[in-house]
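Encoded as structure tokens, the structure appears first; notes follow it.
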Amino acid sequence: MKQSNPDPYTDLAYSIHAVGARATPARMRALAALRHAAQPLSHADIEAELSAERMPLIDRVTLYRVLDWLTEVGLAHKVVDFHGVFRFSANTPDAKHTQHAHFRCTDCGRVTCLDEPVPALPHLPRGFRLARVELDIQGECADCVASH
129 MKQSNPDPYT DLAYSIHAVG ARATPARMRA LAALRHAAQP LSHADIEAEL
179 SAERMPLIDR VTLYRVLDWL TEVGLAHKVV DFHGVFRFSA NTPDAKHTQH
229 AHFRCTDCGR VTCLDEPVPA LPHLPRGFRL ARVELDIQGE CADCVASH
């Protein structure tokens, strides 16, 4: 019996519909680029990847808006790399980006999510409200170490 290959955009559309939004081509293409990436991507990285496709280009402003929207609804996560560039990664379809540490290569700027649990949070003074925690570990990635 021959099995058909499922449309890769079906899961993307489902994820976008699950947050109560329309699955526009720009949203689906940007989310697909993030889900297929081995590491967090910058706006320029995503632009380059999308321009390599044989599809109409997504203009720069629309892509910025789509990436911010994906972050706002929890389908993507945004971090700042060592050079001050925003990098985006896809969250798993069934969960939010959990608290964890990021390793930033001081040589190439690559940001890698670490699976290790973060240390316990410090006690905040009375009346303070925690918004987010970012643990940033810096050094050289394995590729940069090997190239020296």
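Read left to right, the sequence shown gives residues 129 to 276 (the numbering used here).
Glycine included, every Cβ here is placed at the ideal spot set by N, Cα and C.
- Selection L252, F210, A149 and D243 evaluated against T234 yields F210 as nearest (Cα-Cα).
- Counting only residues of its own chain and dropping the five nearest sequence neighbours on each side, T240 has a CB closer than 6 Å to the CB of F231.
- Spanning the alpha carbons of R163 and R155 requires a straight line of approximately 12 Å.
- Closest by C-alpha distance to C269, out of G237, L249 and K206, is G237.
- CA-to-CA, the gap between F214 and A160 works out to about 18 Å.
- In this structure, the CA atom of R193 is about 16 Å from the CA atom of V147.
- Under the three-state reduction of DSSP, I186 is assigned to coil, being neither helix nor strand.
- Spanning the alpha carbons of P253 and Q167 requires a straight line of approximately 36 Å.
- L203 is not a Cβ neighbour of H171, given a cutoff of 8 Å.
- The alpha-carbon of K206 is positioned some 21 Å away from that of D139.
- Boundaries of the alpha helix (DSSP H) around D271: A270 to S275.
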